[in-house]
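Here the structure is laid out as structure tokens; the discussion comes afterwards.
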Amino acid sequence: MKKLFFLLLLFLSACQTATPTNKITFENTLTDGQLAYGHINPNNKLFIASAERRVGEKQGSFQIPTKEGDFAIGIPQDATNLKLTLQTETGSETFDFPVQKRKWKEDIVNGLPPKKVIPPQEEQKRILEEILLMREKRKTSNYPTFAHKWTLPVAEYSRISSPFGARRILNGAITQGHSGTDYAAPEGTPVLAAADGKVALIHPDMFYTGGTILIDHGYGIYTNYCHLSRIDVKEGQIVKAGEPIAAVGSTGRATGPHLHFGLSWYGVRLNPEDLF
Ligand SMILES: [Zn+2]
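Going by our numbering, the final residue of the sequence shown carries number 445, and the count climbs one at a time with no gaps.
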């Protein structure tokens with residue numbers, strides 16, 4: 170009887186070694202608003218099967234780029250499920266991954282004059298052009314490095330003045346969650362590249378974000394740095410993690426000096442605080 174049990178165990182373990190190549194593994198429990206890292210067999214291909222929401226700048230199913238089987242994926246804020254399809258030599262299989270939903274900060278602001286909520290008419294065209302420019306740049310991630318180790322973009326800051334995902338309820342209307350993390354720091358504080366990458370865009374003065382830098386970290390991962398008082402890099406420049414690239418300011422729509430630091434994956438806005 171014991172021998173039979175042993176043989177059964179042996180058989181089961183043999184079965185198991187035949188299958189692990191055809192699976193998707195993640196480093197952490199999946200939560201909404203997270204940049205998740207995972208792994209597949211490098212011979213296989215990975216696709217987004219469907220998403221509850223539009224996945225950034227890509228709609229519906231698309232292939233997720235991998236590096237030696239490693240991949241990154243951005244899980245939208247408020248998502249509760251992730252559907253991924255693995256394509257192997259013998260066929261394809263779709264997997265469901267439950268996503269833990271986080272509680273994001275909400276601020277209720279009432280009695281604001283509508284003029285403060287809606288930007289002036291004469292600025293609308295410029296605002297739209299700037300949004301489209303950023304969107305276009307975020308589609309063409311082509312830096313070869315797979316960003317996995319991250320550095321704080323400000324070595325010294327006094328506090329996080331506004332966390333990622335915070336929603337302001339202005340005069341009863343819910344606004345989109347805060348697209349990044351605000352680090353309050355004195356004007357002129359050095360701003361550092363959060364990981365190796367290539368400068369995809371610099372802009373001296375955008376309507377909302379003022380002096381702005383967008384860095385491509387490869388595989389769809391981008392970071393952006395806003396309200397800068399000074400920009401010390403050029404478009405196309407290769408930067409290393411921790412390298413000074415700019416200085417903290419309060420340009421654009423900012424009430425005081427701070428760094429707005431954003432993280433995204435093909436345009437899906439993610440929580441940068443998860444990186445550190
Ligand atoms: Zn901000």
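Quick reminder that beta carbons are idealized off the backbone N, C-alpha and C, glycines included.
Minimum Cβ-Cβ distance from E325 to chain D less than 8 Å: Checking the listed chains, one finds no chain D in this structure; it contains a single protein chain.
Determine the direct distance from the alpha carbon of F315 to that of K409, and round the result to whole angstroms. Taking the first residue of the sequence shown as 1, we reach residue 409 at position 240. Taking the first residue of the sequence shown as 1, we reach residue 315 at position 146. Here the alpha carbon of K409 sits roughly 13 Å from the alpha carbon of F315.
Specify which residues have a beta carbon nearer than 6 Å to any heavy atom of ligand 1, listing them in chain order. For ligand 1, the selected residues are S331, H347, G349, D351, H429.
Please return the same chain residues whose Cβ sits closer than 6 Å to the Cβ of K236, not counting the five positions on each side in sequence. Within the sequence shown, residue 236 is the residue found at index 67, counting from 1. Around K236, the same chain offers F315 as residues with beta carbons nearer than 6 Å, after the five sequence neighbours per side are excluded.
Can you check whether the CB of H427 is closer than 8 Å to the CB of A353? The residue labelled residue 353 in the question sits at position 184 within the sequence shown. The residue labelled residue 427 in the question sits at position 258 within the sequence shown. Yes; because the gap between Cβ atoms is below 8 Å, this pair is in contact.
Whether Q203 touches N393 by CB criterion (8 Å): By one-based count along the sequence shown, residue 203 stands at place 34. By one-based count along the sequence shown, residue 393 stands at place 224. For the pair Q203 and N393, the CB atoms are not nearer than the 8 Å cut-off.
From what residue to what residue does the alpha helix (DSSP H) around L444 run? Locating residue 444 in the sequence shown gives position 275, where the first residue counts as 1. Taken as a continuous stretch (DSSP letters only), L444 belongs to no alpha helix (DSSP H), as it is neither H nor E.
Span of the beta strand (DSSP E) holding L204? Within the sequence shown, the letter at position 35 stands for residue 204. From DSSP, the beta strand (DSSP E) with L204 extends over 204-208.
Following the continuous beta strand (DSSP E) through Q232, name the residue where it begins and the one where it ends. For this step, residue 232 is matched to residue 63 along the sequence shown. That run of the beta strand (DSSP E) goes 231-233.
Would you give the residue range spanned by the beta strand (DSSP E) that L397 belongs to? On the sequence shown, position 228 is the one that residue 397 refers to. Per DSSP, the continuous beta strand (DSSP E) segment holding L397 begins and ends at 390-397.
Using only the alpha-carbon positions, how far apart do Y435 and S310 sit? Here residue 435 corresponds to residue number 266 of the sequence shown, with the count starting at 1. Here residue 310 corresponds to residue number 141 of the sequence shown, with the count starting at 1. Cα-Cα distance, rounded: 8 Å.
Do you know how far the Cα of I390 is from the Cα of S433? Against the sequence shown, residue 433 aligns to sequence position 264. Against the sequence shown, residue 390 aligns to sequence position 221. Between S433 and I390, the C-alpha separation is close to 6 Å.
Can you tell me where the alpha helix (DSSP H) with R295 in it begins and where it stops? For this step, residue 295 is matched to residue 126 along the sequence shown. R295 -> alpha helix (DSSP H) spans 293-306.
For R295, count neighbouring Cβ atoms within 10 angstroms of its own Cβ and tell me buried if that reaches 16, exposed if not. Residue mapping note: residue 295 aligns to position 126 of the sequence shown, counting from 1. With fewer than 16 other Cβ atoms inside 10 Å of its own Cβ, R295 counts as exposed.
Leaving out five residues on either side along the sequence, give the residues of the same chain with a beta carbon under 6 Å from the beta carbon of A369. Along the sequence shown, read from residue 1 onward, the residue named residue 369 stands at position 200. Around A369, the same chain offers K306, L383, D385 as residues with beta carbons nearer than 6 Å, after the five sequence neighbours per side are excluded.
Cα-Cα, which of Q256, L199, P234 is closest to E312? Reading the sequence shown from its first residue, position 143 is the one you call residue 312. It should be pointed out that residue 312 corresponds to Tyr in this sequence rather than to Glu. Nearest option by C-alpha distance: P234.
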